[in-house]
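**Q** Dropping the structure in here first, questions after.
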Amino acid sequence: MATEVRIPTIMRNLTDGAKAVEASGATLAELIDDLDRRHPGLGEKLVDGGKLRRFVNVYLNDEDVRFLGGIEAQVADGDTVTVLPAVAGGMR
Amino acid sequence: MLRINREIRDRIVAHARRDHPDEACGIVAGPIGSDRPERMVEMANAERSPTFYRFDSKEQLRVWREMDDRDEEPVVIYHSHTATEAYPSRTDVSYASEPGAHYVLVSTRDAETAEFRSYRIVDGEVTEEPVEVVEFTGEPAR
């Protein structure tokens, strides 16, 4: 089962410039493991200590996975995963 | 250097004033590789906070897809500081992930004068750059 994963500009140095790559897994965690096997280094850009990094947004189809159980979210055939850098900041 | 249209500059400042005392945020998109900020998009601050901002993740996905469809990129990423100077904070720097973008900061701490400053943030390093306000950004309107 292959899922399309859309990669933001900032991480395309790890995918030979590809905007979208494929990976497989029944959950987001498995999918990210597979992604990291295919594109070493990508995993740690997304996950730290078993949790999604706060600097990235990961979407399953149109939904932020933080509202779908985070890294344990179920991934189905034909789903699309999109990664975007979170845009945030503050006064301090 | 950031070259920006006067009207867009004024609209960014107006957005910051309107949302004060909360931080305002948004982008100005432009054709990929052009370095021309042309299409301003006000974003909701999901934090609705005077000291923090975060793009609403769902809105961000929609806006980023729209840019993809139009072969655009975020040329400017702006936000306001409401009580401090228009200089990137440590938090701003830790989140900055677009080495090609101009990070614009507006301070609304003074009701009369608007501080409007622009920075490059690459690998945690902040470099201020001059801002040139122009009447037109070079290409005729389409």
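Line by line, the protein sequences are chains X and E.
Sequence positions in the first sequence follow full-length UniProt numbering and run 1 to 92.
Sequence positions in the second sequence follow full-length UniProt numbering and run 1 to 142.
Cβ atoms here follow ideal geometry from the backbone N, Cα and C, with glycine treated the same way.
1) Determine, for E/A141, whether the minimum Cβ-Cβ distance to residues of chain X falls below 8 angstroms.
2) Contact between the segment 18-27 of chain E and the segment 64-74 of chain X is defined here as three or more beta-carbon pairs at a separation below 8 angstroms; is this criterion met?
3) Can you confirm whether X/V87, when its beta carbon is compared against all beta carbons of chain E, has any partner nearer than 8 angstroms?
4) So, do the segment 46-62 of chain X and the segment 80-88 of chain X have three or more beta carbon pairs nearer to each other than 8 angstroms?
5) If the criterion is Cβ atoms closer than 8 angstroms, does the pair X/V58 and X/V75 meet it?
6) Which residues in chain X have a C-beta closer than 9 angstroms to the C-beta of E/H20? List them in chain order.
7) Exposed or buried, what is E/R54 when buried is set at 16 or more other beta-carbons lying within 10 Å of its beta-carbon?
8) Tell me which residue opens and which closes the alpha helix (DSSP H) that E/H15 is part of.
9) Spatial neighbours of E/S80 within its chain, please: CB distance less than 6 angstroms, with the 5 preceding and 5 following residues excluded, ordered by chain position.
10) Which of the three DSSP states, helix, strand or coil, is assigned to E/V63?
11) Please return the same chain residues whose Cβ sits closer than 7 angstroms to the Cβ of E/M1, not counting the five positions on each side in sequence.
12) What's the gap between the Cα of E/A141 and the Cα of X/A26?
13) Which of the residues in the segment 6-32 of chain X, read from start to end, lie with their CB under 7 angstroms from any CB of chain E?
14) Which residues in the same chain as E/M43 place their Cβ atom closer than 8 angstroms to its Cβ, once the five residues preceding and following it in sequence are excluded?
15) Quick check on the DSSP output: what are the complete beta strand (DSSP E) runs of length 3 or more inside the segment 23-59 of chain X, in order along the chain?
16) Which term fits E/F136, buried or exposed, when burial requires 16 or more other beta carbons within 10 angstroms of its beta carbon?
17) Whose CA, out of E/Y95, E/A101, E/V93, E/T91, lies closest to the CA of E/P37?
18) When you check each C-beta in the segment 36-53 of chain X against every C-beta of chain E, which residues fall closer than 9 angstroms?
19) Can you check whether the C-beta of X/L84 is within less than 8 angstroms of a C-beta belonging to chain E?
20) Give, in chain order, every residue of the segment 43-55 of chain E whose Cβ lies closer than 7 angstroms to some Cβ of chain X.
21) Give me the Cβ distance between E/P31 and E/T82, rounded to the nearest whole Å; I'm assuming they're in contact under 8 angstroms.
22) Quick check: is the beta carbon of E/H79 nearer than 8 angstroms to any beta carbon in chain X?
23) Return the CA-CA distance between E/F116 and E/V13, expressed in angstroms with no decimal places.
24) Interface residues of chain E around X/D62 at Cβ under 9 angstroms?
**A** In short:
1) Unreliable placement is indicated for E/A141, whose pLDDT of 49 sits below 50; the coordinate value is still reported in the next sentence. With 8 angstroms as the cut-off, E/A141 does not count as an interface residue toward chain X.
2) no
3) yes
4) yes
5) no
6) Ordered by position in chain X, no residue passes the 9 angstroms Cβ test against E/H20, which lies about 13 angstroms from the chain.
7) buried
8) 6-19
9) A16, E23, A24, V106, T108
10) helix
11) E129, P130, E132
12) The pLDDT assigned to E/A141 is 49, lower than 50, so where the model puts this residue is not dependable; a value taken from the coordinates is nonetheless given after this. Answer to the nearest angstrom: the Cα atoms are 48 angstroms apart.
13) I10
14) C25, G26, I27, F55, D56, E59, Q60, V63
15) none
16) exposed
17) E/A101
18) none
19) yes
20) T51, F52, Y53, R54, F55
21) Going by Cβ atoms, the distance from E/P31 to E/T82 rounds to 32 angstroms, so no, they are not a contact pair.
22) yes
23) 8 angstroms
24) K58, L61, R62
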